[in-house]
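If you read the protein sequences in the order shown, they are chains A and B.
Going by our numbering, the final residue of the first sequence carries number 329, and the count climbs one at a time with no gaps.
Going by our numbering, the final residue of the second sequence carries number 329, and the count climbs one at a time with no gaps.
Since the structure comes first, as structure tokens, the remarks are kept for the end.
2 protein chains.
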Amino acid sequence: MSDVSSIPPRPGLPAGAGAAAERRDAARNRERLLAAARELIADCGAEGLTMDRLAEHAGVGKGTVFRRFGSRAGLMLTLLSESEADFQARFMFGPPPLGPGAPGMERLISFGAERISYVMEFGDLVLAAEHASRGRFEAPAAVLWHRHIEILLREEGFGPDPWLMAGSLAATLDPERLLSLVKVHGVSPERLTASWRDLVTRVVRGA
Amino acid sequence: MSDVSSIPPRPGLPAGAGAAAERRDAARNRERLLAAARELIADCGAEGLTMDRLAEHAGVGKGTVFRRFGSRAGLMLTLLSESEADFQARFMFGPPPLGPGAPGMERLISFGAERISYVMEFGDLVLAAEHASRGRFEAPAAVLWHRHIEILLREEGFGPDPWLMAGSLAATLDPERLLSLVKVHGVSPERLTASWRDLVTRVVRGA
DNA sequence: ATAATAAGCGGACCGTAGTCCGTTTAGATG
DNA sequence: CATCTAAACGGACTACGGTCCGCTTATTAT
Numbered sequence: 123m124s125d126v127s128s129i130p131p132r133p134g135l136p137a138g139a140g141a142a143a144e145r146r147d148a149a150r151n152r153e154r155l156l157a158a159a160r161e162l163i164a165d166c167g168a169e170g171l172t173m174d175r176l177a178e179h180a181g182v183g184k185g186t187v188f189r190r191f192g193s194r195a196g197l198m199l200t201l202l203s204e205s206e207a208d209f210q211a212r213f214m215f216g217p218p219p220l221g222p223g224a225p226g227m228e229r230l231i232s233f234g235a236e237r238i239s240y241v242m243e244f245g246d247l248v249l250a251a252e253h254a255s256r257g258r259f260e261a262p263a264a265v266l267w268h269r270h271i272e273i274l275l276r277e278e279g280f281g282p283d284p285w286l287m288a289g290s291l292a293a294t295l296d297p298e299r300l301l302s303l304v305k306v307h308g309v310s311p312e313r314l315t316a317s318w319r320d321l322v323t324r325v326v327r328g329a
Numbered sequence: 123m124s125d126v127s128s129i130p131p132r133p134g135l136p137a138g139a140g141a142a143a144e145r146r147d148a149a150r151n152r153e154r155l156l157a158a159a160r161e162l163i164a165d166c167g168a169e170g171l172t173m174d175r176l177a178e179h180a181g182v183g184k185g186t187v188f189r190r191f192g193s194r195a196g197l198m199l200t201l202l203s204e205s206e207a208d209f210q211a212r213f214m215f216g217p218p219p220l221g222p223g224a225p226g227m228e229r230l231i232s233f234g235a236e237r238i239s240y241v242m243e244f245g246d247l248v249l250a251a252e253h254a255s256r257g258r259f260e261a262p263a264a265v266l267w268h269r270h271i272e273i274l275l276r277e278e279g280f281g282p283d284p285w286l287m288a289g290s291l292a293a294t295l296d297p298e299r300l301l302s303l304v305k306v307h308g309v310s311p312e313r314l315t316a317s318w319r320d321l322v323t324r325v326v327r328g329a
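Listed below in structure tokens is the structure:
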């Protein structure tokens, strides 16, 4: 496994602040790699993207790819990070009913609905991002959703074990499951959303 | 991906019946391989078992291993098949409250409890069996549990979409999640079982 | 401008799952 | 027993993710 702490600082941060700034050539290579990755995914799908092909297509060495992103999953995560951050911002700070201001119940329902939409849009990328790194349940984003659901459950006065129940509800939104339902069984996203609403309603109802 | 239909017939069937019987040397090699696999797993854990090492340890060629089991996941599945079949028999034909005879509600609760025990006992094997083959939700065993839960839900008069709800409940018992909870977060299996009971109760209660 | 330093770089290398195909052999047939 | 054929065999081969380490270069200090 790669050492997470060795992954260089994110772009977009104020250049002077924090740890040592990124070298020019490194930044240029990152842009090249991301562009090449998006291109390859557009052409061959996320599964068709291999690290060797990416390196070649971007005109850099393979070592550089891994230095940048740590792993294939890390690359996919980077590709997703923009939309991911957007999603997180929306459910934490955005307008109701997803964001604060609506009752917990409605926020829970919205959360599931939005997550389902998200998976429908970025499904294969999400899958590729999960498939590598050890423990999809320890990923920062997953932890955040878990806490979010837990908080909403507590807000609704959920009784015995909000933390575990939050995990169970989150497990219900597993991307691989959602995609399998839609792609293999032809279930409509609307039906998924309805089922989520039903589940949440039953779980929260009465304590 | 390997062609499932090419996997040879199971042992234990009456020798004369059905498709062509298995050749002696093939049978002998399967036994050797299974014995070697169990040995390796006992020594190094399921993760320590590689197909090359298995082939070497069993004194056969690598091709033979794949001819027998199709894939690493197939091998793991074979290793699990005995206990798996036992589990299936118990919830389908065994004594209540797990088997028929008890109310659907109690059978549901028992099902989760037993599944949790099962994962606690064979966790790493189950994980290894899942990790490879495309679509853990299409595996025969998974389909069976899904149907089982669905039937119990219907028996309890569950309303809108028993099939999807059954899938959601099953997703809650995902082995990777359960193992992560126990091994990473130190949650006790009893607490898992209690949470499952709570979830099922809330879901079924009142329609 | 020059030297010093650390970050970045490339691609050979490794372990693993899975495939391919020429060779061997069990078991059926006469 | 001799022959024949399909199944089984073995191990070289591929593709892939990931690591390693000696070389190069951007940046900073003098």
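Every residue gets a Cβ at the ideal spot worked out from N, C-alpha and C, and that includes glycine.
* To do: Output, in sequence order along the chain, the residues in the stretch 254-275 of chain B whose CB is closer than 8 Å to any CB in chain A.
  => Those would be Gly-257, Arg-258, Phe-259, Glu-260, in chain order.
* **Nearest to Val-325 (chain A) (by Cα), restricted to the options A:Leu-314, A:Gly-281, A:Gly-257** => Position 203 of the first sequence, counting from 1, holds the residue named residue 325 (chain A). Ranked by how close their Cα comes to the Cα of Val-325 (chain A), the residues A:Leu-314, A:Gly-281, A:Gly-257 have A:Gly-281 in first place.
* To do: Name the residue from A:Ala-329, A:Gly-185, A:Gly-167, A:Asp-246 whose alpha carbon lies nearest to the alpha carbon of Arg-152 (chain A).
  => For this step, residue 152 (chain A) is matched to residue 30 along the first sequence. For the residues A:Ala-329, A:Gly-185, A:Gly-167, A:Asp-246, the minimum Cα distance to Arg-152 (chain A) belongs to A:Gly-185.
* To do: Give me whichever residues DSSP pairs with Pro-222 (chain B) in a beta bridge.
  => As a first step, residue 222 (chain B) is located in the second sequence; it is residue number 100 there, counting from the start. B:Ala-224, per the DSSP bridge assignment.
* Asked: Nearest to Glu-169 (chain B) by CA position, among B:Leu-300, B:Asp-296, B:Ala-159, is which residue?
  -> Taking the second sequence and counting its residues from 1, one reaches residue 169 (chain B) at position 47. Cα-wise, what sits closest to Glu-169 (chain B) is B:Ala-159.
* Tell me the start and end of each unbroken alpha helix (DSSP H) in the stretch 224-289 of chain B that is at least 4 residues and wholly inside, in chain order. => If you keep only unbroken alpha helix (DSSP H) runs of at least 4 residues inside the stretch 224-289 of chain B, you get 226-254, 262-277.
* To do: Could you check if Asp-283 (chain B) is buried or exposed, using at least 16 other CB atoms within 10 Å of its CB as the buried criterion?
  => Counted from its first residue, the second sequence places residue 283 (chain B) at position 161. By the neighbour-count rule (16 or more Cβ atoms within 10 Å), Asp-283 (chain B) is buried.
* To do: Kindly confirm or deny that the stretch 296-309 of chain A and the stretch 243-258 of chain A touch, where touching means at least three C-beta pairs closer than 8 Å.
  => Enough Cβ pairs lie closer than 8 Å, so yes.
* Met-287 (chain B) and Leu-275 (chain B) closer than 8 Å at C-beta -> Here residue 287 (chain B) refers to the residue found at position 165 of the second sequence. Here residue 275 (chain B) refers to the residue found at position 153 of the second sequence. Taking 8 Å as the Cβ cut-off, Met-287 (chain B) and Leu-275 (chain B) qualify as a contacting pair.
* **Closer than 8 Å to chain A by CB, Thr-294 (chain B)** => Working through the second sequence from its first residue, we reach residue 294 (chain B) at position 172. Thr-294 (chain B) counts as touching chain A.
* **Three-state class that DSSP yields for His-179 (chain A) in the structure shown** => To locate residue 179 (chain A), count along the first sequence from 1; it is residue 57. Three-state result, His-179 (chain A): helix.
* Since Val-325 (chain B) meets chain A, which of its residues come closer than 8 Å, beta carbon to beta carbon? -> In the second sequence, residue 325 (chain B) corresponds to position 203, counting from 1. Simply Leu-321, Arg-324, Val-325.
* Asked: Rounded to a whole number of angstroms, what is the C-alpha to C-alpha distance between Ile-231 (chain A) and Gly-279 (chain A)?
  -> Along the first sequence, one-based indexing puts residue 231 (chain A) at 109. Along the first sequence, one-based indexing puts residue 279 (chain A) at 157. One alpha carbon belongs to Ile-231 (chain A), the other to Gly-279 (chain A), and they sit about 16 Å apart.
* In or out: Ser-290 (chain B) buried (at least 16 other Cβ within 10 Å) or exposed? -> Within the second sequence, numbered from 1, the residue matching residue 290 (chain B) stands at position 168. In this structure Ser-290 (chain B) is buried. Its beta-carbon is surrounded by 16 or more other beta-carbon atoms within 10 angstroms.
* Return yes when the Cβ of Phe-213 (chain B) is within less than 8 Å of the Cβ of His-270 (chain B), no when it is not. => Residue mapping note: residue 270 (chain B) aligns to position 148 of the second sequence, counting from 1. Residue mapping note: residue 213 (chain B) aligns to position 91 of the second sequence, counting from 1. Contact: yes.
* Who are the near neighbours of Gly-183 (chain B) in its chain, counting only those whose CB is closer than 7 Å to its CB and skipping five residues on each side? -> Start at 1 with the first residue of the second sequence, and residue 183 (chain B) comes out as number 61. Answer for Gly-183 (chain B): Ala-177, listed in chain order.
* **Candidates A:Arg-190, A:Phe-259, A:Ser-205: closest to Ser-306 (chain B) by CA position** => The residue given as residue 306 (chain B) occupies position 184 in the second sequence. With the sequence shown as reference, residue 306 (chain B) is identified as Val, and Ser is not the correct amino acid for it. Closest by alpha carbon: A:Phe-259.
* To do: Could you work out which residue in A:Ala-148, A:Ala-235, A:Gly-167 is closest to Val-187 (chain A) when comparing CA atoms only?
  => Mapped onto the first sequence, residue 187 (chain A) falls at position 65. Here the closest residue by C-alpha is A:Ala-148.
* Where does Phe-209 (chain A) land, buried or exposed, given buried means 16+ other C-beta within 10 angstroms? -> Working through the first sequence from its first residue, we reach residue 209 (chain A) at position 87. Using a 10 angstroms sphere on the CB of Phe-209 (chain A), the tally of other CB atoms reaches 16 or more, which defines it as buried.
* Distance between Arg-154 (chain A) and Gly-167 (chain A) (C-alpha atoms, nearest Å) -> Residue 167 (chain A) sits at position 45 when you count from the first residue of the first sequence. Residue 154 (chain A) sits at position 32 when you count from the first residue of the first sequence. Distance between the alpha carbons of Gly-167 (chain A) and Arg-154 (chain A): 18 Å.
* Using a C-beta to C-beta distance shorter than 9 Å, which residues of chain A count as neighbours of Val-306 (chain B)? -> Translated into the one-based positions of the second sequence, residue 306 (chain B) becomes position 184. By Cβ distance, chain A contributes Gly-257, Phe-259, Glu-260.
* Asked: Measuring CA to CA, which of B:Arg-189, B:Ala-292, B:Ala-263, B:Pro-311 is closest to Glu-144 (chain B)?
  -> In the second sequence, the residue the question calls residue 144 (chain B) occupies position 22. Ranking B:Arg-189, B:Ala-292, B:Ala-263, B:Pro-311 by Cα distance to Glu-144 (chain B) puts B:Arg-189 first.
* Asked: Got a sec: which bits of the stretch 174-188 of chain A sit with their beta carbon under 7 Å from any beta carbon on chain B, in order along the chain?
  -> Against chain B - using a Cβ distance shorter than 7 Å - the stretch 174-188 of chain A contributes no residues.
* To do: Would you mind working out which of A:Val-309, A:Trp-318, A:Ala-251 sits nearest Gly-192 (chain A), comparing C-alpha positions?
  => In the first sequence, counting from the first residue as 1, residue 192 (chain A) sits at position 70. Measuring C-alpha to C-alpha distances from Gly-192 (chain A) to each of A:Val-309, A:Trp-318, A:Ala-251 identifies A:Ala-251 as the nearest.
* Secondary structure of Pro-217 (chain A), DSSP reduced to three states -> Here the question's residue 217 (chain A) lines up with position 95 in the first sequence. Reduced to three states, the DSSP call for Pro-217 (chain A) is coil.
* How would you label Arg-229 (chain B), buried or exposed, when you count the other beta carbons within 10 angstroms and need 16 or more for buried? -> Here residue 229 (chain B) refers to the residue found at position 107 of the second sequence. Taking all protein chains in view, the Cβ of Arg-229 (chain B) is crowded by 16 or more other Cβ atoms within 10 Å, so the residue is classified as buried.
* Asked: Taking only beta-carbon atoms, is Pro-282 (chain A) less than 8 Å away from chain B?
  -> To locate residue 282 (chain A), count along the first sequence from 1; it is residue 160. For Pro-282 (chain A), the nearest CB of chain B lies under 8 Å from its own CB, placing it at the interface with that chain.
* Rounded separation between Leu-266 (chain B) and Gly-223 (chain A) - CA only -> Translated into positions along the second sequence, residue 266 (chain B) becomes position 144. Translated into positions along the first sequence, residue 223 (chain A) becomes position 101. Taking the straight line joining both Cα atoms gives about 43 Å.
* **Neighbourhood of Leu-314 (chain B) by C-beta, 7 Å cutoff - its chain only, sequence neighbours within 5 removed** => By one-based count along the second sequence, residue 314 (chain B) stands at place 192. If we look at Leu-314 (chain B) and ignore the five residues flanking it on each side, its Cβ neighbours are Ile-238, Leu-300, Leu-303.
* Pull up the distance between the alpha-carbon of Ser-310 (chain B) and that of Gly-181 (chain A), whole angstroms please. => Sequence index remark: in the second sequence, residue 310 (chain B) carries index 188 (1-based). Sequence index remark: in the first sequence, residue 181 (chain A) carries index 59 (1-based). Straight across, the Cα-Cα distance linking Ser-310 (chain B) with Gly-181 (chain A) is about 51 Å.
* **Pairwise C-alpha distance: Pro-262 (chain A) and Glu-206 (chain A)** => Counting from 1 along the first sequence, the entry for residue 206 (chain A) is found at position 84. Counting from 1 along the first sequence, the entry for residue 262 (chain A) is found at position 140. If I take the Cα positions, the gap works out to 11 Å.
* Asked: In this structure, does DSSP put Thr-323 (chain B) in helix, strand or coil?
  -> Position 201 of the second sequence, counted from the start, is the residue given in the question as residue 323 (chain B). Reduced to three states, the DSSP call for Thr-323 (chain B) is helix.
* **CB contact below 8 Å: Arg-212 (chain A) versus chain B** => Numbered from its first residue, the first sequence carries residue 212 (chain A) at position 90. For Arg-212 (chain A), the answer is no, since every Cβ of chain B falls outside 8 Å of its Cβ.
* Asked: alpha helix (DSSP H) containing Glu-161 (chain B): first to last residue?
  -> The residue you call residue 161 (chain B) lines up with position 39 of the second sequence. Residues 146-166.
* Taking Gly-234 (chain B) and Trp-285 (chain B) to be in contact with their CB atoms under 8 Å, please state how far apart those CB atoms are, rounded to whole angstroms. => Taking the second sequence and counting its residues from 1, the one referred to as residue 234 (chain B) is at position 112. Taking the second sequence and counting its residues from 1, the one referred to as residue 285 (chain B) is at position 163. Rounded to the nearest angstrom, the Cβ distance from Gly-234 (chain B) to Trp-285 (chain B) is 18 Å, too far for a contact under 8 Å.
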